[in-house]
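**Student:**
There are 2 protein chains.
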Amino acid sequence: MTQLRGQQLVSKLDEDGTLTVELADHDVPAPTDTQVVIRVEAAPINPSDLGLLFGPADIENATFSPGKIVAKMPEAAVRAMKSRHGLAMPVGNEGAGTVVAAGDAPAAQALLGKRVTCFPGGMYATYAVADAAMCLELGDDVSAEQGASAFVNPLTALSFTETMRYHGHKALVHTAAASNLGQMLVKICQADGIPLVNVVRSEAQVAILKDIGAEHVVDSSKDSFLDDLTAAVDATKATMAFDAIGGGKLVSQIMTVMEQVANSGAAYSRYGSNSPKHAFIYGALDLSPTVLTRNFGFSWDVSGWLLTPWMGKLGPEIVGKMRARVLAELTTTFASNYKARVTLEQALSREAALDYNARRTGEKYLITPAG
Amino acid sequence: MTQLRGQQLVSKLDEDGTLTVELADHDVPAPTDTQVVIRVEAAPINPSDLGLLFGPADIENATFSPGKIVAKMPEAAVRAMKSRHGLAMPVGNEGAGTVVAAGDAPAAQALLGKRVTCFPGGMYATYAVADAAMCLELGDDVSAEQGASAFVNPLTALSFTETMRYHGHKALVHTAAASNLGQMLVKICQADGIPLVNVVRSEAQVAILKDIGAEHVVDSSKDSFLDDLTAAVDATKATMAFDAIGGGKLVSQIMTVMEQVANSGAAYSRYGSNSPKHAFIYGALDLSPTVLTRNFGFSWDVSGWLLTPWMGKLGPEIVGKMRARVLAELTTTFASNYKARVTLEQALSREAALDYNARRTGEKYLITPAG
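Taken in sequence, the protein lines are chains R and G.
In terms of our numbering, the first sequence opens at residue 1 and continues consecutively.
In terms of our numbering, the second sequence opens at residue 1001 and continues consecutively.
Right under this line is the structure:
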């Protein structure tokens, strides 16, 4: 077959702190065995992509030229990311497109010409390589755009409820809850009968969630926030939280409220309640430190949460069911909304980069390499 | 039998924020069934006792009169401790003394006249009531003072190593490690072959631990602290920490160092290592917030740790073995040192209260009610 050539968006951090994000020419390797080559049609920019793409680099003061951004990375981050120094790393966790070449294995050959969604990394490119077993074939009624975000958010939202069951909790609190992911979680919890407290940061976000039928929506920008949160935690008896924000006092406030609800009516114990309270931090919309005031007894856990190791913990049977559910409900429960569509080159413009790097809830970008 | 009368140290918080700590007259109830009455001879003031005794009240500006302290509690704490408003709560978790009265049950009668150590609460008193099953009888060669701290610190130190095994870790970091508890942990880890990194806050504390043969002792007051900690974590491969301090950045620094050690030589992952890192906060020597910078990937847990629920989790077989070991090694592994001995009344003097409430490592007080 002819050699496929295209472009690939790569991010490179040099030892001196220079971050270069650029479009590089990409000679696509011929697929072997179960590999397929996908002509990428749509790939979302998720917060987890921004970590590799820009990290904490100073994009505001970067130098922009066509197809290239050069920015300065803070010193501490340069040191922490030692093992990526000098490497041009392809970006883009997930996306959808058409299979244009395939290895010899029947599973790969069967996908030739089909539209698929996958999660191989390197999807901000004209072509990407994936393993056939990890691709989900899209139905004729599902566009590439509709199928582009079938992994990160849907599997994360479903894994939240499975993590809850794994640890024996019965109700959840979710922050930055008006996000695409948050809206999916609202729909999952509705369908599965899981009480859910949604914490959002504006009146407009309250409206988004109320519109899709969310019962408990609490606005952290209001003076009555802590009282509202207490009422919602009391109503749901939520004892586990998933937090996308990371920085600041929100996790601590949620734990404090959970502890107050657990203690209401109980006899005084200097050590607090025995009620387990568990917050998982899965994002970093706020890069500042997490501040825990520890006025919530000694029965608490705050943990990092990451999709891949948790899917390993949950095991193939549960993950298989999650994948099947995503595919069946791709245009309903797991529908995503995008603020803007950009080509690979447009994604590296100053205007676009500053806008999507602001990580505002509900303002996600979609890269459409073919334009 | 004659009614036993004595004095009991109680702490009462009123709704208006007034904290009253005083010696109250105490008519000791006649023991029934398996209960015994102990004439208290020695009871330590542990940090966990100070939480109930004073909490965050302003002892510096309190009013002191013989047998009485009246102090102001900060508003947030008054609200958080609603369920203790108006209650005169007896203080003193553990201590040792002689059994002077016993209920009818043979187990109780068998202890009459014996010296025992126990953990019933209310030990800052002339007499205290305990259940016979929860008392450990002291050998003739062990004084009440030697037996006074047989529960809180020894069982906590032993439970740390059991918690480590429970979670599948192999080496530990311990902070405020020059404390009585910390010295016990050094001896346990030596005997059991568990690599241990001791974090202390002064050169003098380094000397205390080196004197008892500790291998890895790191001084957080030195400029080279982070480098020293990294070297010690690298040498021990410690992935679990127990922290007595709570406030500030120390827990975060320990996690960061553990992550750096886990990553050294590994390929770059934007999500950090998969190496589990778990810090338990079991104390609050620093009442300020815990500050987590989260530059240690997503594979981490920070949890509260409390002795009683953990003993429940470990189960009666392990706890039984721990109790037997404590009794056998009370004057060696589990020996405690005290800075000062005070009567009940002396414990409420300004000089003593300010001194022991400073919670300085290695400066523990012992209450000897009989003087």
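Idealized CB from N, CA, C, for every residue including glycine.
1. On the CB-based measure, 16 or more other CB atoms within 10 Å of its CB, does Asp384 of chain R come out buried or exposed?
2. For Asp1301 of chain G, go through chain R and note every residue whose CB falls closer than 8 Å to its CB, in chain order.
3. Pull up the CB-CB distance for Lys339 of chain R and Glu363 of chain R, whole angstroms please, since I reckon it's below 8 Å.
4. Distance cutoff 8 Å, beta carbons only. Does Met1081 of chain G sit that close to anything in chain R?
5. Would you kindly work out how many angstroms separate the C-alpha atoms of Asn357 of chain R and Asp58 of chain R, rounded to a whole number?
6. Any idea what DSSP makes of Ala30 of chain R, helix, strand or coil?
7. Counting only beta-carbon atoms, is Asn1274 of chain G nearer than 8 Å to chain R?
8. Just by C-beta distance, which residues in the segment 1246-1280 of chain G are closer than 7 Å to chain R?
9. Are the segment 1125-1138 of chain G and the segment 1046-1064 of chain G touching, with three or more C-beta to C-beta distances below 8 Å?
10. For Ala1101 of chain G and Gly1006 of chain G, I'd like the C-alpha separation in whole angstroms.
11. Consider the Cβ of Ala1284 of chain G: report whether some Cβ of chain R lies at a distance smaller than 8 Å.
12. Going by DSSP, what residue range makes up the alpha helix (DSSP H) through Asn180 of chain R?
13. Going by DSSP in three states, Glu317 of chain R sits in which element: helix, strand or coil?
14. Determine the extent of the beta strand (DSSP E) in which Glu1075 of chain G is found, giving its start and end residues.
15. Mind checking if Asn1061 of chain G is an interface residue toward chain R, Cβ cutoff 8 Å exclusive?
16. If you draw a straight line from the C-alpha of Pro247 of chain R to the C-alpha of Gln1253 of chain G, how long is it?
17. Of the choices R:Pro90, R:Thr343 and R:Leu136, whose alpha-carbon is the least far from that of Ala110 of chain R?
18. Buried or exposed: where does Pro74 of chain R fall if 16 or more other Cβ atoms within 10 Å of its Cβ makes it buried?
19. Which two residues bound the contiguous alpha helix (DSSP H) that contains Glu41 of chain R?
20. In whole angstroms, what separates the C-alpha of Ala1148 of chain G from that of Met240 of chain R?
21. Who are the near neighbours of Asp286 of chain R in its chain, counting only those whose CB is closer than 7 Å to its CB and skipping five residues on each side?
22. Going by beta-carbon coordinates alone, are Lys82 of chain R and Val99 of chain R separated by less than 8 Å?
23. Which value, in whole angstroms, describes the spacing of the CA atoms of Ile1188 of chain G and Val1197 of chain G?
24. Three or more C-beta pairs under 8 Å: does that hold for the segment 1015-1022 of chain G against the segment 1064-1080 of chain G?
25. In three-state terms, what does DSSP make of Met1123 of chain G?
26. Spatial neighbours of Thr1217 of chain G within its chain, please: CB distance less than 7 Å, with the 5 preceding and 5 following residues excluded, ordered by chain position.
27. Using beta carbons (cut-off 8 Å, strictly below), is Val291 of chain R in contact with chain G?
28. Name, in chain order, the residues that DSSP records as bridge partners for Tyr1365 of chain G.
29. Quick one: does Arg359 of chain R have its CB under 8 Å from some CB of chain G?
30. Shorter than 8 Å from the beta carbon of Asn153 of chain R to some beta carbon of chain G?
31. If we count the other Cβ atoms within 10 Å of its Cβ and call it buried at 16 or more, is Ala171 of chain R buried or exposed?
**Tutor:** So, from the listed chains and residues:
1. This structure leaves residue 384 of chain R out entirely; chain R is present only between 1 and 371.
2. Numbered from 1 along the second sequence, position 301 holds the residue referred to as residue 1301 of chain G. Chain R residues near Asp1301 of chain G: Asp301, Val302, Ser303 and Gly304.
3. Taking the first residue of the first sequence as position 1, residue 339 of chain R is located at position 339. Taking the first residue of the first sequence as position 1, residue 363 of chain R is located at position 363. The beta-carbon separation of Lys339 of chain R and Glu363 of chain R, rounded to 4 Å, stays under the 8 Å limit for a contact.
4. Here the question's residue 1081 of chain G lines up with position 81 in the second sequence. It does; some Cβ of chain R falls within 8 Å.
5. Taking the first residue of the first sequence as position 1, residue 357 of chain R is located at position 357. Taking the first residue of the first sequence as position 1, residue 58 of chain R is located at position 58. If you take the alpha carbons of Asn357 of chain R and Asp58 of chain R, they lie about 11 Å apart.
6. Position 30 of the first sequence, counted from the start, is the residue given in the question as residue 30 of chain R. Ala30 of chain R falls in the coil class under three-state DSSP.
7. By 1-based counting over the second sequence, the position of residue 1274 of chain G is 274. Chain R places a beta carbon closer than 8 Å to that of Asn1274 of chain G, counting this residue as a contact.
8. Gly1246, Asn1263, Ala1266, Ala1267, Tyr1268, Arg1270, Tyr1271 and Asn1274
9. no
10. Residue numbering aside, residue 1101 of chain G sits at position 101 when the second sequence is read from its first letter. Residue numbering aside, residue 1006 of chain G sits at position 6 when the second sequence is read from its first letter. Distance between the alpha carbons of Ala1101 of chain G and Gly1006 of chain G: 14 Å.
11. If you number the second sequence from 1, residue 1284 of chain G lands on position 284. Interface criterion met: the Cβ of Ala1284 of chain G is under 8 Å from a Cβ in chain R.
12. Sequence index remark: in the first sequence, residue 180 of chain R carries index 180 (1-based). Start and end: Asn180 to Asp192.
13. Residue mapping note: residue 317 of chain R aligns to position 317 of the first sequence, counting from 1. Helix at Glu317 of chain R.
14. Start at 1 with the first residue of the second sequence, and residue 1075 of chain G comes out as number 75. It is not in any beta strand (DSSP E) - Glu1075 of chain G instead sits in the alpha helix (DSSP H) that spans Glu1075 to Ala1080.
15. By 1-based counting over the second sequence, the position of residue 1061 of chain G is 61. Chain R contact via Cβ: absent.
16. In the first sequence, the residue the question calls residue 247 of chain R occupies position 247. In the second sequence, the residue the question calls residue 1253 of chain G occupies position 253. The question names Pro, but residue 247 of chain R is Gly in the sequence shown. The straight-line gap from Cα to Cα measures roughly 16 Å.
17. Taking the first residue of the first sequence as 1, we reach residue 110 of chain R at position 110. Checking every option, the nearest Cα to that of Ala110 of chain R belongs to R:Leu136.
18. As a working mapping, residue 74 of chain R is identified with position 74 in the first sequence. It counts as exposed.
19. As a working mapping, residue 41 of chain R is identified with position 41 in the first sequence. Careful: Glu41 of chain R lies outside any alpha helix (DSSP H), inside the beta strand (DSSP E) at Gln35 to Pro44.
20. Sequence index remark: in the second sequence, residue 1148 of chain G carries index 148 (1-based). Sequence index remark: in the first sequence, residue 240 of chain R carries index 240 (1-based). Here the alpha carbon of Ala1148 of chain G sits roughly 40 Å from the alpha carbon of Met240 of chain R.
21. Stepping through the first sequence from its first residue, residue 286 of chain R is reached at position 286. Cβ neighbours of Asp286 of chain R beyond the five flanking positions: Ile245, Gly246, Gly247 and Gly248.
22. Residue 82 of chain R sits at position 82 when you count from the first residue of the first sequence. Residue 99 of chain R sits at position 99 when you count from the first residue of the first sequence. No, they are not a contact pair.
23. Numbered from 1 along the second sequence, position 188 holds the residue referred to as residue 1188 of chain G. Numbered from 1 along the second sequence, position 197 holds the residue referred to as residue 1197 of chain G. One Cα belongs to Ile1188 of chain G, the other to Val1197 of chain G, and the distance between them is close to 13 Å.
24. yes
25. In the second sequence, the residue the question calls residue 1123 of chain G occupies position 123. Reduced to three states, the DSSP call for Met1123 of chain G is coil.
26. Working through the second sequence from its first residue, we reach residue 1217 of chain G at position 217. For the record, residue 1217 of chain G in the displayed sequence is Val; it is not Thr. Only Asn1198, Val1200, Val1206, Leu1209 and Lys1210 meet the Cβ criterion.
27. Stepping through the first sequence from its first residue, residue 291 of chain R is reached at position 291. So yes, Val291 of chain R belongs to the interface.
28. Along the second sequence, one-based indexing puts residue 1365 of chain G at 365. G:Ile1045 and G:Ala1340.
29. The count along the first sequence starts at 1 and reaches residue 359 of chain R at position 359. Taking Cβ atoms only, chain G never reaches closer than 8 Å to Arg359 of chain R, which makes this a no.
30. What you label residue 153 of chain R is simply residue 153 of the first sequence in a count that begins at 1. Taking a beta-carbon distance threshold of 8 Å, Asn153 of chain R does not count as an interface residue toward chain G.
31. For the purposes of this step, residue 171 of chain R is taken as the residue at position 171 of the first sequence. With 16 or more other CB atoms across the displayed protein chains lying within 10 angstroms of its CB, Ala171 of chain R is buried.
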